[in-house]
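Undergrad: With our numbering applied, the sequence shown has no gaps in its numbers, which climb one by one up to 711 at the end.
Beta carbons are placed, not taken as given, at the ideal position from N, Cα and C, and that holds for glycine.
Got a structure here, written out as structure tokens. Questions coming.
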Amino acid sequence: MKEFFRRTRKGFASEQGPQEQTQIPDDLWVKCTSCREIIYKKELNDNLKVCPKCSHHMRMSAREWIGLLDVGSFSETDSNLLPTDPLGFVTPDEAYADKLKKSQQRTGMTDAVISGVGSINGLWLAIGVGDFAFMGSSMGSVYGEKMARAAERAADLGIPLLTVNTSGGARQQEGVIALMQMAKVTMALTRLAEARQPHIAILVDPCYGGVTASYPSVADVIIAEPGANIGFAGKRLIEQIMRQKLPAGFQTSEFMLDHGMIDMVVARSDLRDTVARLLRLFSGRPRPAEPAEPVTPAPTYATGRA
Ligand SMILES: [Zn+2]
């Protein structure tokens, strides 16, 4: 009997934050974080991680975002960039160096961004994608360097830049070096502008702090996913400082669209086609006479992180 009470409920909670905590033990079923519907995981993955019942857009990893490019077109760049601990940052809870190691083991990534070159409908672009699972996709030196190099690579190759942006803000543990990244990436974008190539930024839930306040907000086209939370400081913090209630829907994509902060809200299922249309528009190429080949690639991420 004693053993029964001591039994730990293994598998009912993961260490990966609130989104993953809704997973059901055998990993085959996922509970929608919005409508609480239990969804077969394969069905959810086949639907690009959009809830089939309420259309809630769940988080995708950077690798899953890469899966939206043409099959086999992606080649990763700058994967050799590794984060350092310039301040020797330690809190009573944990040292930054240890936190980095743990995040690397858990996600299989070296830092919060994956960058490279790939194509959408045969149109080539440089790409940088943030992954919220890696320390809240906070912008440290590696994040900034990868995004800046992606912009410079796009300028050098004469191709557009696509960034997929999700972040909790600057990486506090890297102090002023983290803050510098805002200016660095934005400066790299001026080279892209000189090369007369566009930057298309996709804002994904959640997108906050120094990321929202820098390079994605000066993109040529700013796209957001439906219902994504986008802002600088969080709603609660602003309410505390201003001592007044903020309107409903404040900081959602739709609110941002109404107030001119972004250009369009696009459902994930339409994202590939929308980006392809924009790329074609910017390239000045005519619409292909032949109907395009099937546009949606088979999702390559159903088995988890590659
Ligand atoms: Zn739902």
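Just the C-alpha distance for L492 and E469, rounded to the nearest angstrom, thanks.
TA: As a working note, residue 492 is residue 87 in the sequence shown. As a working note, residue 469 is residue 64 in the sequence shown. Each residue's alpha carbon lies about 33 Å from the other.
Undergrad: Taking the continuous beta strand (DSSP E) assigned at V626, which residues delimit it?
TA: The residue given as residue 626 occupies position 221 in the sequence shown. Looking at the DSSP string, the run of the beta strand (DSSP E) that includes V626 is 626 to 629.
Undergrad: Under 7 Å, do L608 and N570 count as touching if we go by C-beta distance?
TA: As a position in the sequence shown, residue 608 is number 203, starting the count at 1. As a position in the sequence shown, residue 570 is number 165, starting the count at 1. Yes, these two residues count as a Cβ contact at 7 Å.
Undergrad: Residues bridged to G636 by DSSP?
TA: Looking up residue 636 in the sequence shown gives position 231. G636 is not bridged to any residue.
Undergrad: Tell me which residue opens and which closes the alpha helix (DSSP H) that S508 is part of.
TA: In the sequence shown, the residue the question calls residue 508 occupies position 103. 501 to 512 is the span of the alpha helix (DSSP H), which, as asked, contains S508.
Undergrad: Pop quiz: F537 and R464 are said to be a contact at Cβ under 8 Å. What is the actual Cβ separation, rounded to whole angstroms?
TA: Within the sequence shown, the letter at position 132 stands for residue 537. Within the sequence shown, the letter at position 59 stands for residue 464. Yes, F537 and R464 are in contact; Cβ-Cβ is about 6 Å, under 8 Å.
Undergrad: Output the distance between the C-alpha atoms of I532 and C440, rounded to the nearest integer angstrom.
TA: Residue mapping note: residue 532 aligns to position 127 of the sequence shown, counting from 1. Residue mapping note: residue 440 aligns to position 35 of the sequence shown, counting from 1. Whole-angstrom Cα-Cα distance: 32 Å.
Undergrad: Taking L567 as the reference, which of S658, A624, L651, L449 has the closest Cα?
TA: Here residue 567 refers to the residue found at position 162 when the sequence shown is read from its first residue. Comparing Cα-Cα distances from L567 to each of S658, A624, L651, L449, the minimum goes to A624.
Undergrad: Please report the straight-line C-alpha distance between D483 and G545, rounded to a whole angstrom.
TA: Counted from its first residue, the sequence shown places residue 483 at position 78. Counted from its first residue, the sequence shown places residue 545 at position 140. If you take the alpha carbons of D483 and G545, they lie about 15 Å apart.
Undergrad: Count the other CB atoms within 10 Å of the CB of D451; is the residue buried (16 or more) or exposed (fewer)?
TA: Position 46 of the sequence shown holds residue 451. D451 comes out exposed.
Undergrad: Should V435 and L453 be called a contact, given that it needs their Cβ atoms to be closer than 7 Å?
TA: Against the sequence shown, residue 435 aligns to sequence position 30. Against the sequence shown, residue 453 aligns to sequence position 48. No, they are not a contact pair.
Undergrad: Give a yes or no on whether the C-beta atoms belonging to S619 and M587 are separated by under 7 Å.
TA: Here residue 619 corresponds to residue number 214 of the sequence shown, with the count starting at 1. Here residue 587 corresponds to residue number 182 of the sequence shown, with the count starting at 1. It is a contact, given that the beta carbons lie within the stated cut-off.
Undergrad: Is the distance from the Cβ of T679 to the Cβ of V671 below 7 Å?
TA: Residue mapping note: residue 679 aligns to position 274 of the sequence shown, counting from 1. Residue mapping note: residue 671 aligns to position 266 of the sequence shown, counting from 1. Yes.
Undergrad: Around ligand 1, which residues pass a check of Cβ closer than 7 Å to any of its heavy atoms?
TA: Cβ atoms closer than 7 Å to ligand 1 belong to C437, S439, C440, E442, C456, K458, C459, H461.
Undergrad: Helix or strand or just coil, what does DSSP make of M587?
TA: Taking the sequence shown and counting its residues from 1, one reaches residue 587 at position 182. It is helical.
Undergrad: Assign Q602 to one of two classes, buried (16 or more other C-beta atoms within 10 Å of its C-beta) or exposed (fewer than that).
TA: For the purposes of this step, residue 602 is taken as residue 197 along the sequence shown, with counting starting at 1. So Q602 counts as buried.
Undergrad: Could you check the C-alpha separation between V495 and Y501 for me, to the nearest Å?
TA: Here residue 495 is taken as the residue at index 90 of the sequence shown, counted from 1. Here residue 501 is taken as the residue at index 96 of the sequence shown, counted from 1. Straight-line Cα distance between these residues: approximately 6 Å.
Undergrad: Can you tell me the Cα-Cα spacing of G654 and F660, whole angstroms?
TA: Taking the sequence shown and counting its residues from 1, the one referred to as residue 654 is at position 249. Taking the sequence shown and counting its residues from 1, the one referred to as residue 660 is at position 255. G654 and F660: Cα-Cα distance of roughly 6 Å.
Undergrad: Compute the beta-carbon to beta-carbon distance between A681 and S658, rounded to the nearest angstrom, for a pair I have assumed lies under 8 Å.
TA: Mapped onto the sequence shown, residue 681 falls at position 276. Mapped onto the sequence shown, residue 658 falls at position 253. Not confirmed; about 21 Å, so no contact.
Undergrad: What residue range is occupied by the uninterrupted alpha helix (DSSP H) comprising I471?
TA: Numbered from 1 along the sequence shown, position 66 holds the residue referred to as residue 471. I471 -> alpha helix (DSSP H) spans 467 to 471.
Undergrad: Run through the DSSP bridge pairs and tell me what H604 is partnered with.
TA: If you number the sequence shown from 1, residue 604 lands on position 199. Its beta-bridge partners are L566.
Undergrad: Can you tell me which residues form a DSSP beta bridge with I646?
TA: Residue mapping note: residue 646 aligns to position 241 of the sequence shown, counting from 1. DSSP output for I646 lists no bridge partner at all.
Undergrad: Can you say whether P652 is buried or exposed, counting buried as having 16 or more other CB atoms within 10 angstroms of its CB?
TA: Indexing the sequence shown from 1 puts residue 652 at position 247. Label assigned to P652: exposed.
Undergrad: Between I627 and D663, which are expected to be in contact by the criterion C-beta below 8 Å, what is the C-beta distance as a whole number of angstroms?
TA: Position 222 of the sequence shown, counted from the first residue, corresponds to residue 627. Position 258 of the sequence shown, counted from the first residue, corresponds to residue 663. Not confirmed; about 14 Å, so no contact.
Undergrad: How is the alpha helix (DSSP H) around L453 delimited, first residue to last?
TA: Start at 1 with the first residue of the sequence shown, and residue 453 comes out as number 48. Unbroken run through L453: none, as it is neither H nor E.
Undergrad: What is the rounded straight-line gap between the Cα of S466 and the Cα of Q509?
TA: Residue mapping note: residue 466 aligns to position 61 of the sequence shown, counting from 1. Residue mapping note: residue 509 aligns to position 104 of the sequence shown, counting from 1. Spanning the two alpha carbons is a distance of roughly 14 Å.
Undergrad: Who are the Cβ neighbours of A553 in its own chain at under 7 Å, not counting the five residues just before and after it?
TA: As a first step, residue 553 must be located in the sequence shown, where it is residue number 148. Cβ within range, chain order: K589, V590, A593.
Undergrad: If you follow the alpha helix (DSSP H) that T679 is part of, which residue opens it and which one closes it?
TA: Counting from 1 along the sequence shown, the entry for residue 679 is found at position 274. Taken as a continuous stretch (DSSP letters only), the alpha helix (DSSP H) holding T679 covers 673 to 688.
Undergrad: Please check the pair F687 and P565, which I expect to be a contact at CB under 8 Å, by giving their CB distance rounded to whole angstroms.
TA: Start at 1 with the first residue of the sequence shown, and residue 687 comes out as number 282. Start at 1 with the first residue of the sequence shown, and residue 565 comes out as number 160. Correct: roughly 6 Å between the Cβ atoms.
Undergrad: Got a sec, what are the start and stop residues for the beta strand (DSSP E) G521 sits in?
TA: Here residue 521 is taken as the residue at index 116 of the sequence shown, counted from 1. 518 to 525 is the extent of the beta strand (DSSP E) around G521.
Undergrad: Spatial neighbours of R673 within its chain, please: C-beta separation below 7 Å, excluding the five flanking residues on both sides.
TA: In the sequence shown, the residue the question calls residue 673 occupies position 268. Within the same chain, R673 has close Cβ partners L453, V455, H462, E630.
Undergrad: So which of L474, E442, T489, K551 has the shortest CA-CA distance to C459?
TA: As a working note, residue 459 is residue 54 in the sequence shown. It is E442.
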